[in-house]
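First up is the structure itself, then whatever we jot down about it.
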Amino acid sequence: MYKSRGRKANAMTRNPNMREAILSAAELLFSTRGFNAVSIRDIALEAGANPGSITYHFKSKDGLLLEIYKRHCGPMNRRRIELLVAARRVRDIQDRLEAIVRAYMQPAFSSSSDLAGGGARFTRLRAVMSAEGNAVVGRIIAEIFDDTTNAFIDAIAESLPHLPRTTIVWRSQFLLGALYYTLVNPERVTRLSRGEADGGDMAEAIEQIVSATVASLQASDINHIDSASRRIKPVQQRALATARKRKENPPD
């Protein structure tokens, strides 16, 4: 029995490229179908492997997705931190904010343009995963990105001490949305500008997002305004709608 298990493990590790083949197959399927719709069997078929090889190397489909994120995002996050360290040394506040945001943006664009490393495909995968809203994906994203993202939020907070950290978190979230959409759908910029702008121009895209994000970060904080005074409560909305309906359709 123990010899049989040993032979099975040896067979699974005999092909040194099998692990990479499984990763590539999973990345392709996740980027086109999403996480939920892809099974271990689907990945094995695409990779030319058996399902046991996947569980041997990665334990589960969750572990496989985590490894995909690690191999792409590890280098990107390390580069972000390197650039952030340099950005925090800039003295002028305006220049420092721009350097901080640029430090976050540049590695993402460089990663997405790395065709040999599957960067464009991984960018699509990230967009699909975010849209799916899967709890497993949420945990993986938190594990991979939260420490780095918090480092950038803290750096921005140090540069803009008058802003509550929660406001910076909100505005950083908008940056992520702009980053994702620009990476995944650059041709939309080209189309809407009627060809006057090139959505695939990475340098231009970075500078446009940096400019917009810094302006957003420097905008006045709205938290001092009473939220109740800026919106009508749902109950009041329903009451007003009912009153209008009665006025338009009086009883016989």
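So for the sequence shown, the numbering used here puts the first residue at -12; every next one is plus one.
For every residue, glycine included, the Cβ atom is placed at its ideal position computed from N, Cα and C.
Owing to the predicted nature of the structure, the values given are computational and were not obtained by experimental measurement.
- In this structure, the CA atom of residue 45 is about 41 Å from the CA atom of residue 201.
- Sorting 164, 194 and 151 by C-alpha distance to the C-alpha of residue 207 places 151 at the top.
- Pairwise C-beta distances place the region 177 to 189 out of contact with the region 108 to 115, as fewer than three of them are shorter than 8 Å.
- In the three-state scheme derived from DSSP, where H, G and I count as helix and E and B as strand, residue 112 is classed as helix.
- Look at residue 34 here: in three-state DSSP terms it is helix.
- For residue 137, the enclosing alpha helix (DSSP H) begins and ends at 122 to 146.
- Under the 10 Å beta carbon count, residue 56 is surrounded by 16 or more other beta carbons and is classified as buried.
- Between residue 31 and residue 8, the C-beta spacing is not below 8 Å.
- Under the DSSP assignment, residue 161 falls in the alpha helix (DSSP H) whose first and last residues are 152 to 171.
- Relative to the Cα of residue 192, the nearest Cα in the group 183, 170 and 209 belongs to 170.
- Taking the C-beta atoms as reference points, residue 204 is found nearer than 8 Å to residue 147.
- Residue 154 holds the alpha-carbon nearest to the alpha-carbon of residue 141 among 130, 131, 154 and 129.
- When DSSP states are grouped into helix, strand and coil, residue 180 belongs to the coil group.
- The C-alpha of residue 94 is placed about 19 Å away from the C-alpha of residue 76.
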